[in-house]
Structures are given as C-alpha cells and as structure tokens.
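Residue numbers (full-length UniProt numbering): 1 to 1043.
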Amino acid sequence: MSCESTKKVFEMQCREVRLAGKAVYQMWDLLQRVAVGMYELHTCASMTGTLRATLCSLVLLSWHLIALFIVGAANPDINICERLLSPLIANYPQVVSASTKIFDEVLLCFMFAYSYLRQWAHAANYAKRLLDESRWSKCVYTYTTAILINADKRTPRTTEAVEYLLRKVPALQIRIAGKSLPVEKFCILKSNRFFKTASLLLAHYEFSYFWNGFTIMAKNTKLLEPILEDIDATWRRLNKENVDADDKCLYLLLRGACLRLLRDNTGAEQCLNEIIENENDLRDHSYVAPYAVFELAQLRADEGSDDRAKQLLERARSYKGYPLETRLHFRIHNASEALGARKQAVRWLKMASAEHIQALNDAANRMRISAIQMTCTANSGHPTSSCSAAEILATLFFDEMRYDKDCPKDPSADRFVLSKGHACPILYAAWEEAGHLSHDQVQSLRKIDSDVEGHPTPRLDFIDVATGSLGQGLSCAAGMAYVGKYIDKASYRVYCLLGDGESAEGSVWEAAGFSSYYKLDNLVAIVDVNRLGQSQPTMLGHNTDAYAKRFEAFGFSAIVVDGNDVSQLLKAFHNARETKGKPTAIIAKTFKGKGIENIEDKENWHGKPVPLETIKAIEARIKDKTGKGKLVIKKPINDAPAVDLRVSSIKMEPPNYKKGDSVATRAAYGTALAKIGDACPRVIGLDGDTKNSTYSEKLLKKHPEQFIECFIAEQNLVGVAIGAGCRGRTIPFTSTFAAFFTRATDQLRMGAISFANLKCAGSHAGVSIGEDGPSQMALEDLAIFRAIPSSTVFYPSDGVSTERATELAANTPGIVFIRTGRPANPIIYDNNEDFQIGKGKVVRESDNDNILLIGAGVTLFECIKAADALAADGVHACIIDPFTIKPIDKELIVKHAKRVGGRILTVEDHYPAGGIGEAVSAAVADEAGVRVRSLCVTGVPRSGPPSALLDIQAERRENRRELQRGFLCSLAVPAIRTSSTDEFTAFPYHMVYLGGQMMRTLIPACHIQILSDHCSHEHLSRTPDVSKGYNVCGNGGHFRSGG
C-alpha cells in the first residue's frame, strides 16, 4: 500500500473514530453490557495487521483517554494505551503526526480545561461554539453556556443573556430511541428551578462535579484548592435566610467532595453526614443525597475500609427516581469493580509466587550471615537485633522500595530511616545485597578508618540522618514525608524501622501525632517487636495488639503481621500503599536473634557478637546458593523537582529601621524570616505553637505553604526540621522560646552527628523576660549551642543585626542558633551596616579607655548605660558587641583588651557556664596581662519586672559605677587619675564590697555576681585582700585568663 493510500485509509479511520467517540458520549447511558463490548474490542485489537485491529485500537484509545474521564467512570489505564498505540505508530509512521488534528476539534475538552482553570469567559466561548457547531444535545450546551456565563463577572447584559438561554432549555429536549437523555432532564430541572427561586448557586461547579471534573483536578491540588476557596467564599456571601435545603446541601456536597479529594477526611465526612441527616428536606436536589452516600463510600475506600465502602455503595444504589441516577450507577459499578480489583490484588499477594518469596527469604538469610560475620570480625555490635529485622529489610529493599543503588540519595528515591540504629549491621548487609557495598567494606564495621560505623551516620552516602539515640527516627522520617507530600509533591515514600523498646520514648508519640495530623499517607512506620530489650524484656513484650491500639489512637492505620513472614510483609506493604489520608504502622512480631540456633529469643544476647559457626545452619536454609543479585530493585519515579537552595547567595530585602527606634530582636527575626521566605521558596519555618511570640507567624501569613506548625512538642519540632532538610530539599528555621530548646538537646546533638542544615531561633532569652518567671527564662541556651560541633551562635543586639544574622544563618550550612529577646532595644546600627560571622562591632571607644565591656542583647545597652555613668567620673570604657558568640571575634577582643590595659568585663543575661564570659576567657587565654571578669546570673531567678531583675532599682547607676571601680581596683592596677600628676590612687575596698552587697541585696533572685579571674574556691572573708581578686559576691570564681 502506498504512503498516500495509507494516509487516506488512516484519515478515514480517524473520522470513524471521532464518530465512535461521540457515540460513546451520547449513548453511555444505554450501554448495558460494557464488559462484553470491551472484551470484543480488545479481542479485535489483538488481530495484528488488520483494519479491524486499527479501528478497535483507536476506539479503545478514545475510551481510555477521554470517555472514562468524561463519564466519570475511572482513571485511564495508561499501560493499556501504550500497548494499543505502539503498533499504530509502527504501522503508520508517516501519518501519525497528522492524526493529532482530530483532537483539536474536541471543543468539549477545551471547555472543560478552561473551567478547571476558572477562566469562565473562555469556557463559555467554547460552550457557545459547541452549541453552534455540534449536532449533539442543544439542550445541554445551552444550559452549559448559561451557567458558564453566569459564573463570570455579572453585568445586566450577562444576566439578561443567562435568562434568555435558560428559557430556551426546556424546548430543546430531544429523544433517542424514544428516550430522553438523563442529562437533559437535569438541565431542564435546573433551568426551571432558576425561574422558581432565582438561584444558580454553584451551578458551574455542580456541572463540573457531575462530569468528573473534581477527580481530574485532584491530580493537581493547585487546581482544586482555589475551587474549594471559591465555593466557601460564595457560601459566606449569601444571605442564609434566603437559602433553602436544596442549595445548602448542594454546597455541602461540593465542599465535601473537594475535601475528600484533598484528603481532609474529617471535614469531608462532616459535610456529607449533614446532607444525609437533612435528605428528607430536599426537593429539587434530591440527587444530592445518593451522591453524598457515594462520596462517603469513596472516603471509606480511601481509608482502606473496603467492607464499609461496599455497604455504602449498596446504600447509594438503593436510591431510586432522582436526576442523573444512571450516571451515579455507572460510578457505583466502577467503584465496586475497583474494590474487587483491590481485593483480588490482596489475594494475589497471599499467593505471590513461591519463587519470589523464596528469593526474598534467601536474601534475608544472606543478610543475617553478613551481619553475624561483620560483628564477629569487629568483636562487637548487635547481631541479634539485626537478625530479627532481616525479612523486614529484605522485603523493603527488594520488593517495596524504589531507589537507585548507584545513587542512593536520588531526590525521587524512597527514604529509609533506621530508627533502631544499633541494628545497622542488617542495613549494611542490605546495601551489600543490593550491590552498593562490597563484602570487604561491611567487614570493616567499627574500624577507626571506616565509615561503616557502629551506629549509622551520613558519612555513608545512603544514610540521611544519624540514629542510635533511640526514639528520634520517626520525627526525622515525618519531616521527610511532609516535604515529599506538601512541598516536593512527589511520589517517593518514607519508611522508618523502630524497635519495640524505643517506643517507650515520648518523642515517638510526638512524631506519631504530627504524622497523623498532617495525614502523611506516604509514611510507613515498622515496629520490630522482638520482645527483648537490652537488660530485660520490653514493657509490652509480644503484645502486638497493644502496640496497634496505641498507634491507632494516634491516628495511624495499624497492621499486625508476623515480621519474619515475607508473604505477610508483602501484603502489609501493599495495604499501606493503598491507605490514603493517614500514615501506616506495621506492627511486626519478630524474635530477637531470629535464625540463630540456641540464641533466638534468648535474653542476655544484646550487643554481643554470636559464635561464627552459627551461620552454618542459616546457610543451609538458603535454597538458591547463586541467588545474590537476581532480585530486581524498583527504580524511582522521577517526579521530585530539581532544587537549588542557593546557599551562600540568598539575598533578602535590606533592613528598614530608623536609629533610636525600639524594636524587639524577636520581632526583627520574624520580619527577616518572611523576607528570606520571599527570596527562597525552599526556606521553611517550623514552630512549637509560639509563633505569635517568636514572630515566625510573619512567614506563615506571607507564605503559608512554607510554614509547618509542630505544636507543643519541641523534640519532634527539631526532629521534623532535621528530616525536612535532608537531601537539600529545604532550609528549615525552627522557632520557639530558647528555654524550650533544652528539651530537644539530644535531637540537636544527633543533628550535629547527622551534619544537619538546621536553623534555630530561640526567643525570650534570659531574666529580661521578667514576670513570666524562671521556667521561661533561657539561661543555658548559649552553653548548649556552643557545645555543638561546628555550630554557629548569633546573639544580635538590635533589629538591623538580627535581620542580618537571619540572612547569614540561611546562607551558613550546619546548625545555627539565633538568640533573640523579648524587650524592645534601640536601633544602633545603620541599615547598610555590614555584618559577618565571627566579626564583632566596637560600639564605643576612645583614646582614654580604661576597661573593655562586652555585652550582647539587652546587656549591651546596660554596658552603654554603665559607661555613661563611669564617664562622669573620668573612667572611660570601650564597648564591644560580639554579634556571634561562636565563633567569637578573638582578634578584635585581644586588640582592645591590650589597648585598655588588659581589663575585660563581660555582662550577660545567662548562667556563667558556657556563656559570653567563658567564650571571651577562652579567646584571651593565651594573652599575657589580660584578665576577665563576668557579670552574670548565678542562681535561680524569680518573677519580677525586667528592670528589677536586670539591675538595681533606685541605685542602679551608682552601683554600676561601684562595680566598675571595684573591678579596676581588684585587679590591683592604677584606675582613675586623681590629679594632674602621674600619681594614681585606688578606691578603698569597702566601696567595692558595698557595691557588690547592694547588687546582691536588692536583686537577690538574680544572684548576679562578678566572677574573678582566679581559679580559687576560697570564700570571701570579712576583710578580704582585694589584690587576690576573689569573687566580691562570695561565690568562688572559676575563670582564668592571661598573666
């Protein structure tokens, strides 16, 4: 056949297909034997090389790609379409491109497409073209044109047009084979209702819903979410006194359908149940009730409650005599078929090929042997904890998970978190089985020069977060799952293996509550219930039902299985994948030391290597001795977006303050966070229900999609943030009261071992928060964050420096802490002032300086006030704002300390250990002739006004002067010039002592003290020797620096 003849034949076929497609749209309600027809079409399509095969293939393509969506039957089977299309492309390569023209003529698709985008005027234009050009139902297209015009901006002209069109609708009804089309009856009903009630409430969305538009748009929530907002906004604008039950229930149906597709099952269920409760009040919209029951059935199916879904489908089928009944029956039929297919899939899983199950069992046993071998070589480790999980990991890695063994951290790959990190030998064995690690590599377990460590760390390219401090993995996994579902919007799933013993940790349940609240159905927690802990049986032993009930109480779908049975694990993972709207917990009953003779399920084998000869019995259970490498690893679905965090080049809008204005640094942090969110959409904020105090709510208000509320669960707050930052997907900023970060100290410690990119902003630091009292006062936070390896610690003093600290934090990899305060401080820096990490600022200096004062935050301004008071007596002070406490500007401090004669006084709103004083002392420790004293908080404070807690009330200025003079005198150096000669005098000691006593007496709760530069623990006597520099407040000093 010539190319021209082929083209003519193909074009003839295309015309036939177009007519066949239209027939499908027109006659779908008359198709009573769809199954038989589809069988015959598929049979004919398989007759390769015949004209009949080509025609049937094209009809099937039309059915799967267009008709199924239009009539609301189901989603198209793309695999079938690809199989149908391949021979057509091969047989007609010259004319395939020309065939696409027929789809340009499908105006219906364009009309719906513009409707989904809510571009009503364009949609109405295409509806009008269908009305003018189509030979199908003028009745339907007239009504459609009217409601789309009505959806757009209303003017007197459009209102007149709508009324004109709706009056024509009843007269345009046609009959096919003596029967009216149900959809025409519906259009006539709605038109008549308009002239009776003057209501077309949400008619455009109603029509889209019945044509399956909501299901299509649910593929992209950015299409469906604005529709839900518009539906709610329309309802709010109505005068409810004029709304009847018909319109209210229609609103509830559309809202409930949207919420279900957006996976807000609770909200959807409330709407749908309200319809059913009021169904007896329905008149014109009698069809709403059965559709509501159908939506409830779909909701139950989404949750995996198949039996309840079937009951509701039968209930929906029992309604009779309402508009669009046939259409709903068609949906009910397909929903029932889908449930049957799912049940069949489960049955197939039960009867999964014996070969595949045996291959997985063989892999599990090879992994057991490897775990035993590597721990024997290391003479330490946890082989029994590893062996209990062998089948779990074999099933995950070689059947369930999608990943690339050559690129483990592929952004689209599934994530695996081993929360029970001590069982890492079985994880290393899995990567050996996959071919990513060699046997020699895993045998280097626990060696000093090996990255195959005793507990997993991200030094290995397949580890996202370090684990081993139990109870933390699920939080990190939840952070990954949240990013996958709501930020990446990708297909990858997250699996977390926990031990049963670690489920006693409260952080596990913080993570569980978070995961269910956010409906993380892409998260699977597997609990390895092997009964035995380190020193005795666990709290619940093998009571798997108790574990299941606990997870169910926290909103999980819980599945109890034999965790050493591969077939049960296959079924459980399948059910987890099918579960929508909630995370899944697989409660796997296992035995510690599974497979190890005379050791399985025995106590006192935790953390010990087992005899190497025990592998012989395990080897005997392996059926295919050459099976390694035969199991096929599923590849990732490459739909995770490419992300460039632009770390080191993120630029925000500059600060905009006036010098002298008072701004709390916590407020400036919130302003900066919102600006950083503008600059980088991958910057996210997380808070522990303090966002209106930390001011992180500024980001929430501006970019709600970049904010995660973690509620009052600070351990989980930090864990989720660590997980969210993995694989460079986001830059997480966590915010809460600085005091509450102490609760998450272990998570921060593990974050450092994970090389996490985590930003922490702690507000309400120090006694300066005042009346809230000591439980809210962060007085240990600097010590905690300074102790973290490679951390950066900012302590900004005004709004400008706080904004710049936040910008620098976003551009600094690793763990960063920003300490902010509650009081409003004056702006002292220009908006264009340059700030750098590790570089302080000289706030005041002169050629006559006698002492160096170092303060940050509120105490910087106390230093300024003290310096003003001392200046009146001729004592001049240099003042440094360190900006970062870690790293601290050693060069700047040493330079000015030597210039003023080696006298440094640090002033801080913090306990002495780990604060500014110790940081400064360490910086000058090698400098001869430099001494450091620290004014700080040494006892447990109490509630009170900030001014009273920070300083002396009536005599505060005088006592600042006395304290500074006392420091000068106690260092036994010339202090203040008393005449024009070269002679200097020191102040009498009783003045120094008086100053210290006044400070201690007037604000006893703060216990502010001056710490000496001597490492002495002698106590102050009544007549101390000032030259020894003992603590003037009576508590032994502990700093030493210099000469």
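Ideal Cβ positions, reconstructed from N, Cα and C, are used throughout, including at glycine. If you're wondering where the values come from, they're calculated on a predicted model, not measured in any experiment.
For residue i, the three-state DSSP class (helix, strand or coil)
{"i": "His422", "result": "helix"}
{"i": "Asp399", "result": "helix"}
{"i": "Asp500", "result": "coil"}
{"i": "Val508", "result": "helix"}
{"i": "Lys489", "result": "coil"}
{"i": "Asp306", "result": "helix"}
{"i": "Thr734", "result": "strand"}
{"i": "His285", "result": "coil"}
{"i": "Gly917", "result": "helix"}
{"i": "Phe794", "result": "strand"}
{"i": "Val937", "result": "strand"}
{"i": "Asp909", "result": "coil"}
{"i": "Phe861", "result": "helix"}
{"i": "His876", "result": "strand"}
{"i": "Leu523", "result": "strand"}
{"i": "Ser801", "result": "helix"}
{"i": "Val293", "result": "helix"}
{"i": "Asn604", "result": "coil"}
{"i": "Ile587", "result": "strand"}
{"i": "Pro87", "result": "helix"}
{"i": "Gly595", "result": "coil"}
{"i": "Ser208", "result": "helix"}
{"i": "Phe835", "result": "coil"}
{"i": "Gly685", "result": "strand"}
CB-CB length for residue i against residue j, believed under 8 Å
{"i": "Ile818", "j": "Ala809", "result": "6 Å"}
{"i": "Gly468", "j": "His455", "result": "3 Å"}
{"i": "Leu853", "j": "Cys863", "result": "4 Å"}
{"i": "Cys249", "j": "Ile275", "result": "5 Å"}
{"i": "Leu313", "j": "Ala297", "result": "5 Å"}
{"i": "Val442", "j": "Glu432", "result": "5 Å"}
{"i": "Glu807", "j": "Ala672", "result": "6 Å"}
{"i": "His606", "j": "Thr384", "result": "7 Å"}
{"i": "Ala948", "j": "Val924", "result": "So it is not a contact: roughly 33 Å between Cβ atoms."}
{"i": "Ala309", "j": "Leu328", "result": "Not a contact, Cβ separation roughly 15 Å."}
Cβ neighbour criterion (16 or more within 10 Å) applied to residue i
{"i": "Ile174", "result": "exposed"}
{"i": "Pro655", "result": "buried"}
{"i": "His439", "result": "exposed"}
{"i": "Glu241", "result": "exposed"}
{"i": "Gln536", "result": "exposed"}
{"i": "Glu400", "result": "buried"}
{"i": "residue 1085", "result": "Given a span of 1 to 1043 for the chain in the structure shown, any question on residue 1085 remains unanswerable."}
{"i": "Phe416", "result": "buried"}
{"i": "Phe195", "result": "exposed"}
{"i": "Ser515", "result": "buried"}
{"i": "Thr50", "result": "exposed"}
{"i": "Thr100", "result": "With a pLDDT of 39 at Thr100, under the threshold of 50, the predicted position of this residue should be treated as unreliable, and no value is reported."}
{"i": "Pro912", "result": "buried"}
{"i": "Ile888", "result": "buried"}
{"i": "Ala919", "result": "buried"}
Chain C within 7 Å of residue i, Cβ atoms only
{"i": "Val527", "result": "This model lacks chain C altogether; it includes just one protein chain."}
ask   = Do the segment 378 to 395 and the segment 527 to 539 meet, that is, are 3 or more Cβ pairs less than 8 Å apart?
value = Contact between the segment 378 to 395 and the segment 527 to 539 is present, because at least three Cβ pairs lie under 8 Å.
ask   = Is the segment 211 to 229 in contact with the segment 187 to 194, if contact means three or more CB pairs nearer than 8 Å?
value = At 8 Å Cβ cutoff, the stretches do not touch.
request  = Taking only runs that begin and end inside the segment 532 to 571, name each unbroken alpha helix (DSSP H) of 4 or more residues, in chain order.
outcome  = Fully enclosed alpha helix (DSSP H) runs of 4 or longer: 544 to 553.
task = Count the C-beta pairs between the segment 290 to 298 and the segment 311 to 320 that are closer than 8 Å, then say yes if the count reaches three, no if not.
result = Output reads yes: the segment 311 to 320 touches the segment 290 to 298.
key: Unbroken stretches of the alpha helix (DSSP H), 4 residues or longer, contained in the segment 143 to 184   = You should have 156 to 168.
task = Take every Cβ of the segment 758 to 768, pair it with every Cβ of the segment 615 to 633, and state whether three or more of those distances are shorter than 8 Å.
result = Segment contact: the segment 758 to 768 against the segment 615 to 633, fewer than three CB-CB distances shorter than 8 Å; contact not assigned.
key: Whole runs of the alpha helix (DSSP H) within the segment 441 to 495, excluding any shorter than 4 residues   = The qualifying runs are 473 to 482.
Inter-stretch contact (C-beta, 8 Å, three-pair minimum) for the segment 581 to 601 and the segment 543 to 562 = The count of Cβ pairs closer than 8 Å, one atom from the segment 581 to 601 and one from the segment 543 to 562, reaches three, so the stretches are in contact.
query = Quick check: the segment 129 to 146 against the segment 157 to 166, are there 3 or more CB pairs under 8 Å?
reply = Yes, they touch.
key: Touching by the beta-carbon criterion (3+ pairs, under 8 Å), the segment 780 to 798 and the segment 873 to 884   = Result yes; three or more Cβ-Cβ pairs closer than 8 Å.
ask   = On the three-pair Cβ rule with 8 Å, is the segment 365 to 376 touching the segment 606 to 620?
value = For the pair of segments examined, the segment 365 to 376 was found to touch the segment 606 to 620: the number of CB pairs separated by less than 8 Å reaches three.
key: Segment contact flag, the segment 487 to 499 with the segment 411 to 428, C-beta cutoff 8 Å, min 3 pairs   = Cβ pair count under 8 Å is three or more, so yes.
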